[in-house]
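Just so you know, the sequence shown maps onto residues 59 to 395 in the numbering used here.
Quick reminder that beta carbons are idealized off the backbone N, C-alpha and C, glycines included.
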Amino acid sequence: MTTFSKKIINWQKRDGRNDLPWQTKNPYHVWISEIMLQQTQVKTVIPYFHKFIKNFPNIDSLAKAKPEKVLALWSGLGYYSRARNIHKTAIILQKEFNNILPNYYEDLIKLPGIGISTAGAILSLAFEKPGIILDGNVKRVLLRYSGDQSPINNIKTQKNLLKFAENLLPEKNFRSYSQGIMDLGSLLCKPKNPTCCECPIKRNCLAKELNFQNQIPFKVPSKPKKERDINWFFIFSKDKVLLRRNEKKGIWQNLWLFPEKNMFSKSNLNLLEKKEVLPLLTHNLSHQKLTISTMKYSIEQRDRLKIDRSSFAWVKKSDSGKMGLPKPVKEIINNYL
Ligand code: SF4
Numbered sequence: 059m060t061t062f063s064k065k066i067i068n069w070q071k072r073d074g075r076n077d078l079p080w081q082t083k084n085p086y087h088v089w090i091s092e093i094m095l096q097q098t099q100v101k102t103v104i105p106y107f108h109k110f111i112k113n114f115p116n117i118d119s120l121a122k123a124k125p126e127k128v129l130a131l132w133s134g135l136g137y138y139s140r141a142r143n144i145h146k147t148a149i150i151l152q153k154e155f156n157n158i159l160p161n162y163y164e165d166l167i168k169l170p171g172i173g174i175s176t177a178g179a180i181l182s183l184a185f186e187k188p189g190i191i192l193d194g195n196v197k198r199v200l201l202r203y204s205g206d207q208s209p210i211n212n213i214k215t216q217k218n219l220l221k222f223a224e225n226l227l228p229e230k231n232f233r234s235y236s237q238g239i240m241d242l243g244s245l246l247c248k249p250k251n252p253t254c255c256e257c258p259i260k261r262n263c264l265a266k267e268l269n270f271q272n273q274i275p276f277k278v279p280s281k282p283k284k285e286r287d288i289n290w291f292f293i294f295s296k297d298k299v300l301l302r303r304n305e306k307k308g309i310w311q312n313l314w315l316f317p318e319k320n321m322f323s324k325s326n327l328n329l330l331e332k333k334e335v336l337p338l339l340t341h342n343l344s345h346q347k348l349t350i351s352t353m354k355y356s357i358e359q360r361d362r363l364k365i366d367r368s369s370f371a372w373v374k375k376s377d378s379g380k381m382g383l384p385k386p387v388k389e390i391i392n393n394y395l
């Protein structure tokens, strides 16, 4: 076993996180948490994880669920393709794997939403098998440890890191090792001003030795985000608001949004009474920056509005929590309905 892995394992057992709700050794829990943790912090994930597992306690119940319910439980967590992939994978596991998560890399990697790092996490954390995790925290630790200033968001760097991480793997204690290196990145080797004095691998860390921890990881500036304007109609009638299911592919597919002006005929628009312009919202996605303007309208007799009942719905605030809503829609309903 390398000194690196030995130190990480000992540190994890002593000072790492050992009370996370998904540390149950149940492969299903590990899989759901690992998907939720992609792009999302632990403290944000915890309440979502509890709610998800309460509603879908196992693979079979998740596979049988309606896609809308899965999206509703994901509402606010963002990156909704993760929820769609989780559901697709559960259906595959039910049909082809007898409701059991496989413990072979070759099987895991073929499942929707499971990439190299997630497969490595499942193997090590759920099955105590060798598996390489390369999430953002782990990459930062490895790049600093080796004093590597190559850009973190470069394919060649990723390939080199994979090889480097493979060489550092221990011969046993895979669960503690994987958890340990993630914990180290999250608790000590933070993006800015890492707590090197408490770090178990400080003696051999090149970035620490040369005092350029804050310069690593180096990142090639990514392309500026595409800017997009959205104009929503917030139409309410008594205690209900009008929502429509977004069937378009891309962001927020199958989630419930507010309608837009071009979705109504002139006669429908004449039924609306303008109330106010709501404050402008900006919402950042991984590749887009959305500027959302919302106009608030009321309608006395909502039944006169001609809408397609299969894709539009009048919804009470209390019922909106059971639907798949992106964060800005949730926020507007909570503040203005
Ligand atoms: S010594 Fe500092 S920079 Fe190096 S791995 Fe530890 S916390 Fe990170």
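- Annotated as distal: residue 120 and residue 87, with beta-carbon spacing of 8 Å or more.
- Residue pairing by DSSP places residue 353 opposite 291 and 335 in a beta bridge.
- Distance from the CA of residue 63 to the CA of residue 189, rounded to the nearest whole angstrom, comes to 13 Å.
- Spatial neighbours of residue 355 in its own chain (CB-CB distance under 8 Å, excluding positions within 5 residues in sequence) are listed in chain order as 291, 292, 293, 294, 330, 331, 332 and 333.
- When secondary structure is reduced to three states using DSSP, residue 98 falls in the coil class, being assigned neither helix nor strand.
- The beta carbon of residue 311 sits closer than 8 Å to those of 138, 142, 304 and 305, all from its chain and outside the five residues before and after it, given in chain order.
- Bounds of the alpha helix (DSSP H) holding residue 388 are 385-394.
- Distance from the Cα of residue 150 is smallest, within the candidate group 176, 117, 128 and 180, for 117.
- Assignment of beta-bridge partners to residue 373 by DSSP yields 299.
- Per DSSP, residue 237 is one residue of the alpha helix (DSSP H) stretching across 232-241.
- Summarising the contact set, residues whose Cβ lies nearer than 7 Å to any heavy atom of ligand 1 are, in chain order, 199, 202, 203, 242, 246, 247, 252, 253, 254, 257, 259, 260, 263, 265, 266 and 271.
- No Cβ-Cβ contact shorter than 8 Å links residue 215 with residue 204.
- Counting only the Cα atoms, residue 178 lies some 19 Å from residue 74.
- In this model, residue 317 and residue 302 are separated by some 6 Å (Cα to Cα).
- A direct Cα-to-Cα measurement between residue 192 and residue 198 gives close to 9 Å.
- At a Cβ-Cβ threshold of 8 Å, residue 249 and residue 66 do not count as neighbours.
- Around residue 172, the same chain offers 166 as residues with beta carbons nearer than 6 Å, after the five sequence neighbours per side are excluded.
- Burial state of residue 228 is buried, judged by a 10 Å Cβ sphere holding 16 or more other Cβ atoms.
- Residue 340 is bridged by DSSP to 349.
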